[in-house]
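Quick notes on the structure that follows.
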Amino acid sequence: MTDRGSAPSRFYLTTPIYYVNARPHLGHAYSTIACDALARRKRAMGVETWFLTGTDEHGQKIERSAKLAGCSPQEFADKISGEFRGLWDRLGLTYDDFIRTTEPRHVHRVQRLFATLRDKGYIYKGSYTGQYCVSDEAYVDGPPGAICPDCGRATETVNEENYFFKLSAFERKLLEFYDENPGFVEPESTRREVISFVRGGLKDLSVSRTTFDWGIPVPGDEKHVVYVWLDALANYITALGYGSDDPQDQEKFRKFWPADLHLIGKEISRFHCVYWPAFLMAAGLPLPRKVFANGWLLFDQGKMSKSRGNIVRAETVAEVLGADALRYFLLREIPFGQDGNFSFDALVQRYNADLANGYGNLVSRVVNMVHKYFGGVMPEAGAETQAETALRASAGRAMAAFGPVFDQLNFSEALKSLWALVAETDGYLTANAPWKKPPDRSEADHAALQARVLATAAEAIRIITALAYPIAPDAAAKVWRQLGQGELADAAKNNFLNHLAWGGLKPGTKFGEPAPLFPRAEKDAVERMQKLEEENQRSAVEAASNASAQAAMASPEVKAPTEAKPAQKTAAAAEPPAPKFAEAPAPKAAATVAAAEPVPAEATAAASAEPQYIAIDDLAKVDLRVAQILVAERIPKADKLLRLEVDLGYEKRQILAGIAQYYEPEKLIGRKIVIVANLAPRKMRGLESNGMLLAASLEGGAPVLAGFLEEVPLGARLK
Ligand code: MSP
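In this note's numbering, the protein residues as written are 1142 to 1860.
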C-alpha cells in the first residue's frame, strides 16, 4: 500500500458511507471490519492512522424511504445512522471519525467544493432529459423504461434543469493517470472495467437535481440540490477539514489527504475511480493512492441486500459466536476482492475447526500446563533441539510474510499461513507430549523437556496472537493477559507489532488465569442464528407494514382521485368476484392477476373457450390504476409471496403478490405496473393486501407484469 510514495508514518483509510435507507447488515459490516483490521495493524505498527466511516443521508432514495416510514428525512436519517454507529460500536470497530452528510460541517464544505468547481469553470448550467436509477442514484443511458445496467431495476424518466460537471474534459487525463498509477484501482478486474468505461467515452455529468429538495442546496441557486454522489464522495475530504476556516481542520486535511485507501464495494467503482478523481483533478486536489473494490457477500445465491430479503445481521453472529468469530470468518473464508458465499454452516464449521479446536484449544492446553507444571510462571526454555529450531524458524517466516500479504489486503492468505503456524505448534506439542513421562526418562530430563516445550509453544502463541490481533482483537487481548503480557490495547499504542521478535516472553513471567476463548459451537448454533434472523425479519416486515399503513393514513399527499374511489381499507363487506381478464381471447398467453395464491385455474383458462361477454358497466366496476413499486421484499417462510409497497400518486399501499418465484424483488423497485385498486383488502400471513397486480400468465403459470412503454402518471386510470 505504498504506491505513489505514501508517507509510511501516516495512513488514511475510509469505508464507503452507508445509505440510511435500510438498517445495516453483514454486507455493510464486511468493508467496515476489513478497514478496522487494517487500521488496527497500522496503529500497532506505529503508523499515525485515520479511519473514517459514516452515513450517506441525502438524495431521492432516502427521501422516499422516509416518506414510506411516515417521518421526515432527517428523523429517518437520525434513526438509521444511529443504528450503523451503534452496530460499529457494538462490534468494537475503531473508527476515528464518523461523518454524516447532514452535518453542518459537511454541508458547508460541500458547498465550498461546488463553488470551487464552478469558479474554475468546470460546472455549467443545462438540462437533463433521460433515465435515472433512484436505487443507485445514478444517471443511466437508454430510452424511457430502460433497465438500470448495474442493479437491473427500472429507471425513471427525469426532465429537469441541472448543473453539469465537465467530466468529458477528464477522459484523457484519467486514462493517463491510470496508466501512470497501475496500483490506483484494485483488483485487476475492477481496474479493467474502469479503464474500459472511460475509454468508451465520458459525457458531462449532471451534478444537481431540482425535482426534490432533500440535499445540500447549491450555493447561490438554492432550488438545486447537489447530486448525491458529489455530496457523498466529498465526505472523504470534508471529514478531514477541507473547506473549513478552522486552522486545526486545515492542518488535519494537510496531514492526511490524499487518502491511502478507499475501500469500496465493487458496484460503486465508477463513482470512486472515475467521477471522484475527476472532481479532485478539477478542484486541484491530490488523488487518493488506492481504491480497492471488495466483492459481494452472497447469501442464498444472491447479493445480500435488504430488497432481496436475504440479509443476515452482524448482531446475530456476534451474539451467538462473538464479534471475533465474524471478523475471522469474513476475512479468512473469502479471498478479498472476490464475491463469496456466507452460510451459517460454513461459519460454524470454520469457527470450530480454526478457532475452537485450533487456536483456542492450543492456547488453553499450553496456558493450563504452564499453570499445572510451573505454577503459572514462564519456564526457562534451555537449549534448543531441532524441533524448537524448526518451530522458531517457522515463526520467523510467519512474521516476515504476514505483514506484506496482509497489507496487500490478501487477508485470507495471510490468515491461512498464520494458521499453518497454529497447526505446526499444535503438532509440535503433540509430538513432544510434555504431559506424558515415559518410564525410561528421568525426572530431571522430563522437567527440562516440559520447560523447553511449553516455553517454546507459549512463545509461538505470543507471535501468533500478535499477528492475529487486528483480526481477532478481543481474543488476542485475552491471550495477552493469559501470557502475562498485560493489556494488549496498551501494547498496541506502543507499536508492539513494530518490534515483534522471537524471545519476547521472558522466563519468570507470571501467567494470567486461563479463560475460555472460543467455546466449541454445538449443533444448535446454526439453528439459533437462523431463528434470530427469522424473528428479526418477521418483526421488520411487520414494522414496515405498520409504518407504511400509518404513513398512508397520515400522508398529506393522500388525495382521493376525482374519477373513482380507491378501495376503502376497512369497508368491503364481501369480496367482489375476481375479474376474469384471463378469459379475453389470446393466442398463447392470457392476462391474469398476480395474486397471492397460485394463479387460479380459471384465470388461465384455455384461450379457446367460448367468449363470455360482459357489459361495459361490469368493466367499469374494476378500478385499474397505474402504480409504482417502491418496496419489494420476500416474506419469511412464504416462498411464493412478495410484499410490495406501491405508490398510486394519491396514496401508498401494501400489496402481497404471488410472484416471488418469478421476480427478484430488487428488480421490481421503481417499476410502473397496473393494479386492481378496488379489490377488497384481505389478510395473508398476518399482513393485509390491498389490491392485485395485473400480469400475463404464461404457460406453466409464470406471470409477466403488465407495464407501459410511454411515461404515465401514477394513479392514472385504465379504461
Ligand atoms: N452511499 C453509497 C456509497 C457512497 S461512498 C461515497 C452506497 N451505499 S450502500 O449502503 O448502498 O453501500 C455501501 C457499501 O456496502 C458498498 O460498498 C456496498 O458494496 C456494500 N455492500 C452492501 N451490500 C453488500 C454485500 N452484500 N456484500 C458486500 N458489500 C456490500 O453505495
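Built from N, CA and C at the ideal position, the CB exists for glycine as well.
Roughly how many angstroms separate the alpha carbons of Asp1486 and Leu1167, rounded to a whole number? Our two residues, Asp1486 and Leu1167, have alpha carbons roughly 16 Å apart in a direct line.
Span of the beta strand (DSSP E) around Ser1768: As written in the sequence, residue 1768 is Ala, which differs from the Ser given in the question. Counting along the chain, the beta strand (DSSP E) containing Ala1768 begins and ends at 1765 to 1776.
Do Gly1799 and Lys1781 come within 8 Å of each other at the CB atom, strictly closer than that value? Against a cut-off of 8 Å, the Cβ pair of Gly1799 and Lys1781 comes out as a contact.
Straight-line gap, Tyr1159 to Asp1548 (C-alpha atoms, nearest Å): Straight-line measurement puts the Cα of Asp1548 at about 24 Å from the Cα of Tyr1159.
Helix, strand or coil at Ala1801 [DSSP, three-state]: Note: Ala1801 maps to coil in three-state DSSP.
Meets three-Cβ-pair contact criterion under 8 Å: the segment 1432 to 1445 and the segment 1170 to 1178: Taking 8 Å as the limit for Cβ pairs, the verdict is that the segment 1170 to 1178 does touch the segment 1432 to 1445.
Going by the beta-carbon positions, is the gap between Glu1786 and Val1772 smaller than 8 Å? Yes. Within cutoff.
How would you write the range of the beta strand (DSSP E) that Asn1303 sits in, first residue to last? Per DSSP, Asn1303 belongs to the beta strand (DSSP E) from 1297 to 1306.
By Cβ distance, which residues of its chain are closer than 8 Å to Ser1268, with the 5 residues on each side in sequence left out? Around Ser1268: Asn1300, Glu1301, Glu1302, Asn1303.
Tell me where the alpha helix (DSSP H) around Cys1176 begins and ends. Membership of Cys1176 in the alpha helix (DSSP H) is indicated by the continuous run 1167 to 1185.
May I ask whether a heavy atom of the ligand MSP can be found less than 7 Å away from the beta carbon of Ala1373? Yes; taking the cut-off as 7 Å, the Cβ of Ala1373 has a heavy atom of the ligand MSP nearer than that.
Counting only runs that start and end within the segment 1483 to 1512, where is the beta strand (DSSP E) found for 3 or more residues in a row? Annotation note: the segment 1483 to 1512 contains no uninterrupted beta strand (DSSP E) run of length 3 or greater.
Near the ligand MSP: Glu1408 beta-carbon under 7 Å from a heavy atom: Closer than 7 Å to some heavy atom of the ligand MSP: that describes the Cβ of Glu1408.
CA-CA distance, Leu1428 and Glu1852? Between Leu1428 and Glu1852, the alpha-carbon positions lie close to 41 Å from each other.
Considering only heavy atoms of the ligand MSP, does any lie closer than 7 Å to the CB of Ser1385? Not so, every heavy atom of the ligand MSP lies at least 7 Å from the Cβ.
Could you tell me which uninterrupted beta strand (DSSP E) segments, each at least 3 residues in length, are contained entirely in the segment 1264 to 1345, listed from first to last along the chain? 1264 to 1274, 1279 to 1281, 1297 to 1306, all fully within the segment 1264 to 1345.
Evaluate contact between the segment 1451 to 1469 and the segment 1390 to 1408, counting only Cβ atoms and requiring at least three cross-stretch pairs below 8 Å. With a cut-off of 8 Å, the segment 1390 to 1408 and the segment 1451 to 1469 do not count as touching, because too few Cβ pairs lie within range.
Asp1480 to Pro1520, Cα distance in whole Å? Roughly 47 Å between the two C-alpha positions.
Is Ile1203 closer than 8 Å to Trp1355 when the C-beta atoms are compared? Their beta carbons are under 8 Å apart, which means Trp1355 touches Ile1203 by this criterion.
Would you say Leu1658 and Lys1619 are within 8 Å of each other, going by their C-beta atoms? With a cutoff of 8 Å on beta-carbon distance, Leu1658 and Lys1619 are scored as near each other.
Is DSSP giving Ser1410 helix, strand or coil here? It is helical.
Return the chain-ordered ranges of every beta strand (DSSP E) run that is complete within the segment 1203 to 1258 and spans a minimum of 3 residues. Whole beta strand (DSSP E) segments, 3+ residues: 1238 to 1241.
Would you tell me roughly how many angstroms separate the C-alpha atoms of Gln1678 and Glu1456, rounded to the nearest one? Gln1678 and Glu1456 have their C-alpha atoms some 13 Å from each other.
What do you reckon, is the C-beta of Lys1220 under 7 Å from a heavy atom of the ligand MSP? In this structure, the ligand MSP has no non-hydrogen atom nearer than 7 Å to the beta-carbon of Lys1220.
At which residues does the alpha helix (DSSP H) containing Trp1370 begin and terminate? That run of the alpha helix (DSSP H) goes 1369 to 1374.
Assigned secondary structure, Arg1784 (DSSP; H/G/I helix, E/B strand, else coil): In the structure shown, Arg1784 sits in a strand (DSSP, three-state: E or B).
Looking at the strands, I want to know which residues DSSP matches up with Lys1634. According to the DSSP secondary-structure assignment, Lys1634 is paired through a beta bridge with no residue.
If you compare alpha carbons, which of Ala1585, Asp1495, Ala1459 is closest to Glu1474? Closest option to Glu1474, Cα to Cα, is Asp1495.
Same chain only: Cβ atoms within 6 Å of Arg1226, ignoring 5 sequence neighbours per side: Same-chain partners within the cutoff: Phe1239.
Three CB pairs or more closer than 8 Å across the segment 1415 to 1428 and the segment 1566 to 1580: The answer is no - the segment 1566 to 1580 does not touch the segment 1415 to 1428, with fewer than three Cβ pairs under 8 Å.
Going straight from the alpha carbon of Ala1596 to that of Gly1649, what length do you get? Distance from the CA atom of Ala1596 to the CA atom of Gly1649, rounded to whole angstroms, is 11 Å.
Among all the DSSP beta bridges, which residues are the ones paired with Gly1481? DSSP lists Leu1438 as partners of Gly1481.
Rounded to whole angstroms, what is the Cα-Cα separation between Cys1274 and Ser1448? Straight across, the Cα-Cα distance linking Cys1274 with Ser1448 is about 15 Å.
Measuring straight from C-alpha to C-alpha, what distance separates Leu1760 and Ser1680? For Leu1760 and Ser1680, the distance between alpha carbons rounds to 39 Å.
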